[in-house]
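In the working numbering, the protein residues as written are 7 to 700.
No residue lacks a Cβ here, since even glycine has one placed at the ideal position from N, Cα and C.
As the structure is a prediction and not an experimental result, all values here were calculated from the model.
First comes the structure, then the notes that go with it.
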Ligand code: BQZ
């Protein structure tokens, strides 16, 4: 390695070996190979049309307990509660065939319901509550089992769609005659409210933060009739639009309930709109399979089957088979413990610290639950806030950190101060964790190792990069200082936002603090509950954050717009300021060009090439500091049938979506007596809860 001559002369004068004087930059490489880890259980691949279709059947059935409600005139007959052509699950595509009614799926979650207004941005506590209640126009969770040559979103509330010849307009056909769980019709009134008064209203931010850019810059929506609407786009055939109609992004709410509270229709205020349906509000109307009928704070949410659910099996049985779903309000780690012990029924084993104990318990043949590892799709990155023009209203210190975050040498120093082997082993020893450079995940369809730039761990190199970024320990206290003209040359102090509800997030945050201290950077933790962390994250009041990555970096086609700062609120690390301006760095402009190009082309080879370039620009510039990636495991109680083979805990979506819970059943001879409100149906919206027939 050639030293510069001044340094060499200085070294000779001081009688010091040259290398010791000028810290060496260690050049980037390609990532080290991940330890081999075989996912257990391969999906049974099929085409989308094999899974379900929309058609009328000669007759329909319901659970026997509901006959009394029909006889008492409290419910219409089941055939009148179903659409003319319900969604019909094909028996051949199931693991165990036509199911039977009864029993419960008992979830345990670490989140807490803020209220039912998903469209106003309220969390229901995650863990499958929102996935089960708020169904969406298309469905992507189950795409893990769809053949690659048939890969596009499954229909759901949208039963079909077609592009105009020039690709500038998508006509979407809704299922006809479906109803909300309170009997109110589902139609384009709900679409109109969701688009115009949620997505397009800058004062309203739905839970997954969908904005107009989610559907492509400049996209507009046009209602055609009660069951048909059009999305008019600005670039032909934008491939990500159909994925953007899936969970999290286009899941319409009950406009008959929401409208009266929205300021555009006489509602008192936006705050009142968001808080109009607190968790105590029972029987909130849903399109999902189960309706909330009981809520006990910090204890449980109980949901009963939706009498108007618009899906059936091929024998004409209205779904779901399970009469109740429970969400015990506990911790995410307790979800693992209870699923393995059999007091809970389901867990996404995703906190690597719990792996050894969970594996040990599940290895017992008498264990109540089966545990199956999937692909390495759980991954964490350290993200930096890149806005230097006011997003989140930074104070002087935070502004100085934002400016540092935008310095490439600083980011390279940070990434080379991270020992990813030590980080992985701090979570779990064994073949699970891989050194994750950031960017697209190894092993996924658009990943290309040769395009991935990996900055190896080297404290010396990190310090050299920090020196190049203008930082030096000018007061000798072991921590690097800003240059004299920034904050008076004070120590660099950075806050690190992380999730209090997840032990893994906390462990990673502490590892980053320790490793940064070794490199001379002072980092302080800002540990918040996931609800508070998510809202702070969206508002921009943070310097760095530990983030468990979403499906965009795994599938690329789901949430594609989140791969680059294409619009004011698409890239979680770089939103626009209050004036709507984003101060893009040159490489971010490149990322935008590459992602816009990906969205605009249907050519598979061109898409692969564009993502190679994306990966190179992303990782070379350390857009996200990858930390670790590892496989998750699905833990499900053995009494359940129709669990799809090879279902990953996370890919296009979480397992609560992927396993089609509405089609899961418990054989009669395996059923347990877990129902808390047997023989009841949901009551009227806002009433006390479930009701009996007499
Ligand atoms: C799975 C998931 C279902 C959110 C949430 C939680 C929030 C995030 C994320 C996961 C939980 C579970 O994840 O960890 O296994 O059950 O709910 O939605 O981490 O804090 O904001 O994105 O999905």
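- prompt: Which residues mark the beginning and the end of the beta strand (DSSP E) in which residue 501 is found?
  reply: Taken as a continuous stretch (DSSP letters only), the beta strand (DSSP E) holding residue 501 covers 499-505.
query: Of the choices 489, 452, 608, 403, whose alpha-carbon is the least far from that of residue 559?
result: Of 489, 452, 608, 403, the residue nearest in Cα terms is 452.
Three-state class that DSSP yields for residue 679 in the structure shown: In the three-state DSSP reduction, residue 679 falls in the coil class, being neither helix nor strand.
task: Would you kindly report the start and end of the unbroken beta strand (DSSP E) that includes residue 242?
output: For residue 242, there is no enclosing beta strand (DSSP E), as DSSP gives it neither H nor E.
field: Cut-off 8 angstroms between Cβ atoms - residues of its own chain near residue 562, not counting five sequence neighbours on either side
entry: Counting only Cβ-Cβ distances below 8 angstroms, and skipping sequence neighbours, we find 446, 450, 451, 452, 569, 604, 617.
message: Please report the distance separating the alpha-carbon of residue 566 from that of residue 250.
response: A direct Cα-to-Cα measurement between residue 566 and residue 250 gives close to 9 angstroms.
- request: Since I believe residue 433 is in contact with residue 358 (beta carbons under 8 angstroms), could you give me their beta-carbon distance rounded to a whole number of angstroms?
  value: Correct: roughly 4 angstroms between the Cβ atoms.
message: Shorter than 7 angstroms, the distance from the beta carbon of residue 122 to the closest heavy atom of ligand 1, or not?
response: Incorrect: residue 122 has no Cβ contact closer than 7 angstroms to ligand 1.
field: Buried versus exposed call for residue 674 [16 or more other C-beta atoms within 10 Å across all chains shown]
entry: Exposed is the call here.
Residue 65 versus residue 184: straight-line alpha-carbon distance, rounded: Distance between the alpha carbons of residue 65 and residue 184 is about 17 angstroms.
- request: On a CA-only basis, which of 609, 551, 591, 315 is nearest residue 190? Give me that one, please.
  value: Between residue 190 and the set 609, 551, 591, 315, the nearest pair of CA atoms involves 315.
message: At the level of alpha carbons, what is the spacing between residue 149 and residue 99?
response: Approximately 13 angstroms between the Cα atoms of the pair.
query: Would DSSP call residue 688 helix, strand or coil?
result: In this structure, residue 688 counts as strand in the three-state DSSP scheme.
message: Let me check understanding here. Comparing Cα to Cα, which of 33, 34, 40 lies closest to residue 427?
response: Of the residues 33, 34, 40, the one whose Cα lies closest to the Cα of residue 427 is 40.
field: Under the three-state DSSP convention, the category residue 256 falls into
entry: Residue state, collapsed to three classes: coil.
query: What is the DSSP secondary structure of residue 334, reduced to helix, strand or coil?
result: DSSP, read as helix, strand or coil, puts residue 334 in strand.
query: Going by the C-beta, is residue 356 closer than 7 angstroms to any heavy atom of ligand 1?
result: Flag set: Cβ of residue 356 near ligand 1.
Complete runs of the beta strand (DSSP E) confined to the stretch 548-599 [at least 3 residues]: Every unbroken stretch of the beta strand (DSSP E) spanning 3 or more residues and falling wholly within the stretch 548-599 is given here in chain order: 550-554.
query: What did DSSP end up calling residue 318 once you bin it into helix, strand or coil?
result: In the structure shown, residue 318 adopts extended strand secondary structure according to DSSP, grouped into three states.
Burial state of residue 458, where buried means 16 or more other Cβ atoms lie within 10 Å: Residue 458 is buried by the Cβ-count criterion.
- prompt: For residue 406, which residues from the same chain have a beta carbon less than 7 angstroms from its beta carbon, with the 5 sequence-adjacent residues on both sides left out?
  reply: If we look at residue 406 and ignore the five residues flanking it on each side, its Cβ neighbours are 488, 492, 493.
- prompt: Are the stretch 532-549 and the stretch 496-511 touching by the rule of at least three beta carbon pairs closer than 8 angstroms?
  reply: Yes, the stretch 532-549 is in contact with the stretch 496-511.
- prompt: residue 53 and residue 156 look like a contact to me (Cβ under 8 angstroms); what is the Cβ gap, rounded to whole Å?
  reply: About 5 angstroms separates the two Cβ atoms, so the contact holds.
- request: State the beta-bridge partners of residue 179 as determined by DSSP.
  value: Under the DSSP definition of a beta bridge, residue 179 partners with 166, 234.
- request: Starting from the C-beta of residue 269, find all residues in its chain whose C-beta is less than 7 angstroms away, skip the five residues before and the five after it, and write them out in chain order.
  value: So the qualifying residues of the chain are 275, 276, 279.
query: Can you tell me whether DSSP reads residue 268 as helix, strand or coil?
result: Three-state result, residue 268: coil.
query: Is the stretch 596-613 in contact with the stretch 230-250, if contact means three or more CB pairs nearer than 8 angstroms?
result: Per the Cβ contact rule, the stretch 596-613 is in contact with the stretch 230-250 (3 or more Cβ pairs under 8 angstroms).
task: Determine the closest residue to residue 422 out of 126, 631, 178, 128, with distance taken between C-alpha atoms.
output: For residue 422, the nearest C-alpha among the options comes from 631.
task: Can you have a look at residue 158 and say buried or exposed, based on whether 16 or more other CB atoms are within 10 angstroms of its CB?
output: So residue 158 ends up on the exposed side.
query: Distance, Cα to Cα, residue 636 vs residue 624?
result: Each residue's Cα considered, the two are about 21 angstroms apart.
- request: Would you mind stating whether residue 292 and residue 187 have Cβ atoms separated by less than 8 angstroms?
  value: In terms of Cβ geometry, residue 292 and residue 187 form a close pair [threshold 8 angstroms].
- prompt: Does the stretch 131-151 touch the stretch 661-676, meaning 3 or more C-beta pairs lie closer than 8 angstroms?
  reply: Segments in contact, yes.
- request: Give the DSSP-derived three-state secondary structure of residue 656 in the structure shown.
  value: Looking at residue 656 - three-state DSSP - the assignment turns out to be strand.
- request: Could you have a look at residue 23 and say whether DSSP puts it in helix, strand or coil?
  value: Residue confidence is low: residue 23 scores 48 on pLDDT, short of 50, so the model does not pin down where it sits. No coordinate-derived value is stated.
task: Work out the CA separation of residue 30 and residue 8 for me, nearest whole Å.
output: Unreliable positioning characterises residue 8 in this predicted model, as indicated by a pLDDT of 41, which lies under 50. A coordinate reading is not provided.
- prompt: What is the rounded straight-line gap between the Cα of residue 352 and the Cα of residue 341?
  reply: About 7 angstroms.
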